[in-house]
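Structure first, then comments.
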């Protein structure tokens with residue numbers, strides 16, 4: 005942030021957000037490129053010049069990794085969309101809201117080890133906007149469901165996980 009920049013200035017001051025029922029803004033900040041980053045109760049938003057560049061629900065966030073040295077929050081996605089690098093200017097409230105919302109969307113997770121350092125993650129997530137549970141199967145690097153035995157093991161583990169939360 006520049007010498008005379010104000011960290012506490014409201015980046016949403018001149019922005020109108022279309023928030024869903026029960027949705028509220030938890031934190032917002034300007035990134036180093038002047039984009040507005042918004043963490044709501046239901047979604048992660050990125051805006052620039054009043055235009056919505058990104059609108060993703062929390063249950064699609066696979067992980068977030070913050071590099072303090074580079075001041076970059078790297079977001080990875082369950083659907084394998086390209087990683088998103090956000091330069092958050094050390095904005096702790098945004099980072100905290102990001103972490104809390106991702107954690108709030110995870111109900112239960114299990115890792116299925118396949119040997120050779122390969123795994124499949126099975127996750128029951130909550131769609132926070134719809135207040136409903138869904139399951140996700142996230143294949144690790146080099147894992148294919150078509151491999152002998154993999155699909156069957158995933159189906160058994162998925163069924164057991166769904167039963168634990170009443171989705172069976």
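Residue numbers (the working numbering): 5 to 172. Quick reminder that beta carbons are idealized off the backbone N, C-alpha and C, glycines included.
- Spanning the alpha carbons of residue 108 and residue 64 requires a straight line of approximately 12 Å.
- Listed in chain order, the non-local C-beta contacts of residue 116 below 7 Å within the same chain comprise 123, 124, 126, 157, 158 and 161, local neighbours out to five positions each way being set aside.
- For residue 83, same chain residues with a beta-carbon under 7 Å away, outside a window of 5 residues either side, are 64 in chain order.
- Boundaries for residue 169: no beta strand (DSSP E) harbours it, and the DSSP string shows neither H nor E there.
- Annotation: the continuous beta strand (DSSP E) that includes residue 140 extends over 136 to 143.
- Three or more beta-carbon pairs separated by less than 8 Å are not found between the region 148 to 155 and the region 86 to 99, which leaves the two stretches without contact.
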